[in-house]
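Quick note, the sequences are listed as chains H and F, same order.
Just so you know, the working numbering puts the end of the first sequence at 364, numbered straight through with nothing missing.
Just so you know, the working numbering puts the end of the second sequence at 728, numbered straight through with nothing missing.
Some notes on the structure that comes next.
2 protein chains.
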Amino acid sequence: MTGIRELAEQLDISIGTVSRALNGKSDVNEETRRRVLAAAEELGYVANQSGRSLRQGETKVIGLMIESSTEAVENADNFFLGVTSGLQSVFARHKLDLIMLPCPSDEDPHEYLKRMVARRIVDAMIISETQRIDRRIDLLARAKIPFVALGRSLSASHSAWIDLDFEGVANRAIERLIARGHRRIAITAPSSEVNLGYVFLDGYRRALERHDIPFDPALVIRVKSSEQGGYQAAHELLLLEERPTAVILIYELMAIGLYRRLMESGVMPGRDLAVIGFRDAPRARFLQPSLSCFRMSLYDLGVELGRTLLANMPAYQDFYPGDGRNIIWPLELIVGESDLFDPRIGEKQFEPQRLSFDNRTVEF
Amino acid sequence: MTGIRELAEQLDISIGTVSRALNGKSDVNEETRRRVLAAAEELGYVANQSGRSLRQGETKVIGLMIESSTEAVENADNFFLGVTSGLQSVFARHKLDLIMLPCPSDEDPHEYLKRMVARRIVDAMIISETQRIDRRIDLLARAKIPFVALGRSLSASHSAWIDLDFEGVANRAIERLIARGHRRIAITAPSSEVNLGYVFLDGYRRALERHDIPFDPALVIRVKSSEQGGYQAAHELLLLEERPTAVILIYELMAIGLYRRLMESGVMPGRDLAVIGFRDAPRARFLQPSLSCFRMSLYDLGVELGRTLLANMPAYQDFYPGDGRNIIWPLELIVGESDLFDPRIGEKQFEPQRLSFDNRTVEF
DNA sequence: CCACCATTCGTAAACGTTTACGGAGTGCGT
DNA sequence: ACGCACTCCGTAAACGTTTACGAATGGTGG
C-alpha cells in the first residue's frame with residue numbers, strides 16, 4: 001500500500017532520507033527522523049519485504065523445515081511448536097522472523113529444500129528429522145546457506161548440529177533397569193532411515209555391553225512411533241517365547257497403545273512389565289500407570305538451536321562468540337510408576353495413587 | 365546464484381526471451397524454449413523470489429498462521445501438520461507454496477499478522493484459532509488480502525470460513541447418551557476466548573433443550589484442553605454432589621488425564637461414567653477403554669480449506685466456481701468402549717477386548 | 001510488388017528498497 | 001576571506017524479474 005515514496009512526498013523530503021531515517025542511519029537529523037517515524041506510524045507503513053530483500057540480498061527470515069511425511073506426522077506432535085517458541089525468543093532480539101516450511105509428503109525433501117533455498121525466501125535454515133545420510137546437508141553447505149541440523153547425521157561432519165542425548169538416555173534407562181534386577185530389556189526403534197533410530201540403538205547396545213548382557217536382536221521392535229506402533233510393539237513382545245521384563249520406548253505416546261495391548265492380555269504395565277519412555281513427561285505422567293520418562297524443555301532446546309544457528313551466520317556471530325558447533329542435549333529422568341516392577345520380587349500389587357505435582361498432592 | 369542474466373548470455377539471447385521461455389509464454393520459438401529450459405536445468409537456475417514478487421506484486425506463497433500461545437500448543441498437536449498436507453495437495457496444482465507463520469507467544473496476534481501482511485511475503489492467509497471477536501478478520505478484509513478462517517467468528521460476517529460441526533457433534537453426543545438413559549451429562553469447555561468454546565456450548569445447550577433437560581452450569585467444566593485439563597475435569601466431576609453419568613470432552617487427549625483421575629478414585633471410565641470425545645479417533649481408540657469419538661479427516665479438511673481460499677482469490681477462483689464461502693465440517697462418530705455404561709442397568713463388568721481394525725482382529 | 005498478418009525476439013521500464021556518492025549549508029580555526 | 005570538517009540530505013544506480021511495446025523477419029493473399 002503505502003510505500004516509501006508516499007511517505008517521502010507526504011513529508012516533502014527525498015526517499016533516500018526516509019529510508020535512512022527508518023533504518024536508524026546516523027546521517028539524518030533527529031528532528032526529521034522523528035517526523036518520518038511519526039508519519040510511518042500514522043500511515044501504517046511497513047517496508048515491502050520483496051524490495052528490501054532484492055536490494056540487500058537477505059530476507060531477515062529464518063526457515064524451519066519440517067516434514068509432514070506420514071511417520072513424521074505421527075510423532076511430530078507439539079514438538080515443533082514447542083521448539084519454535086524458543087527459537088523465536090532468540091530471533092526476536094535481531095528482528096528476525098521464523099517461518100515453518102512443511103515439505104509436502106509427495107515431494108522429495110531434498111528437492112523441496114533446493115527450491116526454497118534457490119528462491120531465496122530465507123537467509124538460513126534449520127532442518128530436522130535428519131537422515132543417516134542426508135543430502136540436504138551437502139546442498140546447504142554448497143549453497144553456503146547457514147544452517148543447523150536438529151539431529152546429527154553421518155553427512156554432517158563439518159556442520160552445526162544439536163542432537164538429543166540418545167546415548168545417555170539409553171544408558172541411564174538400562175542402568176536403572178539393571179539396578180532393579182532386569183536382564184532382558186526390549187527397545188523400540190523407528191523403521192525409517194531417520195538417524196535418531198541408529199543413534200538410539202547404538203546407545204542401547206553399548207549400555208548392554210557395558211553390563212555384559214548379550215544383545216538379542218529379537219528384543220529390538222521396529223514399529224511406528226505412534227499409539228498404534230505401541231500397540232503393535234506390545235503385541236510382538238507378548239509373542240516372544242522368552243518374554244522381556246522391561247521395555248524402553250522411543251516416544252512417550254506409544255505407551256498408550258502398549259498399555260492397551262498389554263491389558264488386553266491381562267499383563268499389567270508397571271506391575272508385570274517395566275516401561276520407560278522418552279521425550280515428553282508432561283503428558284506421560286497422566287497415563288495409568290504414569291510413565292517413567294526422560295524429559296527435556298522444548299523451549300530451551302529451541303533457544304540453543306537459535307543461538308547455534310546465529311553463531312554460524314556472519315552477520316550475527318559476534319553476538320554468540322562462545323557458542324560451539326555441536327551439542328548433545330541432555331534429558332532429565334522423571335520417575336513415574338511404570339517401572340516399579342522388580343523381577344526379583346515378582347508380581348506386586350499396583351494401586352493407583354493420586355498424582356502429586358511438585359511433590360505435593362495436586363491442587364487446582 | 366545464477367540469475368536470468370547469466371542464462372541469457374550463456375545462450376546469447378535476451379533476458380526478456382529467457383523469461384518468457386521459462387514462464388511458458390506463447391510468443392517464443394519452441395526450439396529456443398527447449399534450449400532455455402535445458403540450460404536452466406543444467407545451471408540449476410531457480411527464479412529469485414524477491415525479484416519476481418517485486419515485479420508482479422505477488423509471491424505465490426500462502427501463509428498459515430498458527431498460534432504458539434500456551435493453551436494452543438497444548439492441543440495444536442499434529443492438527444496443523446495434518447491439515448497442511450491437504451492444503452498442499454491443492455496448492456501444488458497451482459505452484460503455490462505454503463508456509464506456516466507461528467505467532468510468537470509474547471506478541472499480539474493482531475500485530476504479528478499486520479507485520480506479516482504489510483511485508484507482503486504472502487498472497488493470502490489462512491488463520492486459525494479464531495476468537496469470538498477477532499480483529500485479524502477486519503485487518504485482512506481492509507487490506508484486501510484473500511483469506512479463510514478456520515473457525516467461525518462473530519467478526520466474520522462477510523468472510524469465508526470453515527468450522528467444525530460443533531453443534532452437530534454436541535447434538536449427536538447428547539442424543540446418543542440420552543438414548544442410553546443418561547440425563548445428567550457434563551461437558552468440558554476451554555477457558556479462553558477462542559470461539560469454538562462458545563459454539564460447542566451453544567450446541568450442547570440447544571441439544572439439552574430439545575430433550576427438555578434443564579441446563580446446569582455446574583456441569584460445564586472449564587479446563588485446558590490437555591491431559592492435565594482432563595485430570596482436573598475428572599477431579600471436579602468427582603466433587604459434584606450430584607455426580608453426572610456421562611461427560612463429553614472437547615479434545616480427545618483429555619481422556620488420558622480424565623481416565624487417570626477417575627481410576628485413582630476407583631471410578632472406572634466406560635463402566636461407571638460414560639465418556640465421548642472429539643476430534644481425533646486414531647489415537648483415541650488405543651486408550652483403555654477406547655474412546656467413543658467424533659472423528660474427521662484432517663487431510664480432507666485441509667483440501668476444503670485450500671479450495672475455499674483459492675475460490676476467494678481472483679487469480680484462481682475460476683478453478684473453483686462452485687465453492688461456497690462458509691462450510692460446516694461434518695464429523696463421523698466412531699464407537700468405542702467408553703460409553704458402554706448404561707445408568708438404567710447399573711454397573712456392568714468391563715473386560716478389555718482385543719482391538720479390531722476394519723472389523724477384523726488386528727493384524728500386523 | 002504491396003499490404004497485411006503471424007511469429008519471434010530485443011529493448012527498456014517498472015516494482016520498492018537501500019546505499020554510494022556528492023552537494024549544500026554551517027561553523028570554526030587560521 | 002579562505003579552507004576544512006561536519007551535518008544533513010538529494011540523486012541515482014542497483015538488486016532480478018516481468019511485460020508492454022515495437023522491430024525484424026518471413027509468409028501469404030491480392
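Note that beta-carbon positions come from the ideal geometry of N, C-alpha and C, so glycine has one too.
Please classify residue i: does DSSP put it in a helix, a strand, or coil?
i, result
"F:N535", "helix"
"H:E67", "strand"
"H:N326", "strand"
"F:S492", "strand"
"H:V148", "strand"
"F:E616", "coil"
"F:V437", "For F:V437, the pLDDT reaches just 45, beneath the cut-off of 50, and the residue's location in the model is therefore unreliable, although a value from the coordinates is still provided. Note: F:V437 maps to helix in three-state DSSP."
"F:E475", "helix"
"F:G666", "helix"
"H:P217", "helix"
"F:G380", "helix"
"F:V699", "coil"
Which same chain residues, not among the five before or five after residue i, have their C-beta less than 7 Å away from its C-beta?
i, result
"H:P146", "A124, L309, N312 and M313"
"H:E264", "none"
"F:I485", "T423 and V425"
"F:R399", "L375"
"F:D687", "R671, T672 and A675"
"H:N171", "G203 and A207"
Taking the C-alpha atoms as reference points, what is the distance between residue i and residue j?
i, j, result
"H:Y231", "H:A274", "16 Å"
"H:A39", "H:L7", "7 Å"
"H:P190", "F:R496", "42 Å"
"F:V382", "F:C657", "56 Å"
"H:R119", "H:D106", "20 Å"
"F:R671", "F:V454", "7 Å"
"F:H575", "F:T552", "20 Å"
"H:A92", "H:I62", "11 Å"
"H:T2", "H:L43", "7 Å"
"F:L719", "F:R544", "23 Å"
"H:R136", "H:R176", "38 Å"
"H:H110", "H:V148", "16 Å"
"F:E557", "F:V584", "15 Å"
"F:I577", "H:A47", "57 Å"
"H:R222", "F:F642", "30 Å"
"F:E616", "H:R20", "53 Å"
"F:R635", "F:L651", "14 Å"
"H:K25", "H:G16", "11 Å"
Starting from the C-beta of residue i, find all residues in its chain whose C-beta is less than 6 Å away, skip the five residues before and the five after it, and write them out in chain order.
i, result
"H:T245", "H182, R184 and P343"
"H:Y112", "C103"
"H:K60", "L96"
"H:S53", "T59"
"F:G446", "L662"
"H:L22", "none"
"F:T448", "none"
Report, in whole angstroms, the separation of the C-beta atoms of residue i and residue j, which I expect to be a contact under 8 Å.
i, j, result
"F:P653", "F:P633", "6 Å"
"F:I620", "F:E591", "5 Å"
"F:Y684", "F:G450", "Going by Cβ atoms, the distance from F:Y684 to F:G450 rounds to 15 Å, so no, they are not a contact pair."
"H:I126", "H:M65", "7 Å"
"F:V533", "F:L655", "No, F:V533 and F:L655 are not in contact; Cβ-Cβ is about 14 Å, not under 8 Å."
"H:G203", "H:E167", "4 Å"
Just the chain F side, please: which residues come within less than 7 Å of residue i by C-beta, in chain order?
i, result
"H:E227", "R647 and F650"
"H:M100", "I463, M464 and P466"
Leaving out five residues on either side along the sequence, give the residues of the same chain with a beta carbon under 8 Å from the beta carbon of residue i.
i, result
"H:W329", "I162, D163, L164, D165, M296, L301 and E304"
"F:L622", "G594, Y595, A597, A598, V611, L613, P633 and V639"
"H:N195", "T130, Q131, R132, D134, G151, R152, S153 and L154"
Would you mind telling me which residues of chain H sit closer than 7 Å to residue i, beta carbon to beta carbon, in chain order?
i, result
"F:Q413", "R119, R120 and I121"
"F:S350", "Because chain F in this structure spans residues 365 to 728, residue 350 of chain F falls outside the shown range and cannot be described."
"F:S555", "Those within 7 Å of F:S555 in chain H number zero; the least Cβ separation is about 12 Å."
"F:Q495", "Chain H residues near F:Q495: none, gap ~19 Å exceeds 7 Å."
Can you pull the chain H residues whose beta carbon is under 9 Å from the beta carbon of residue i, in chain order?
i, result
"F:P707", "Chain H residues near F:P707: none, gap ~24 Å exceeds 9 Å."
"F:I620", "I256, R283, F286, L287 and Q288"
Show which residues of chain F have a CB atom less than 9 Å away from the CB atom of residue i.
i, result
"H:A92", "P468, D470 and E471"
Residues of chain F with CB under 8 Å from residue i, in chain order?
i, result
"H:Y259", "Q652"
List, in order along the chain, the chain H residues whose C-beta lies closer than 8 Å to that of residue i?
i, result
"F:V410", "K114, R115, A118 and R119"
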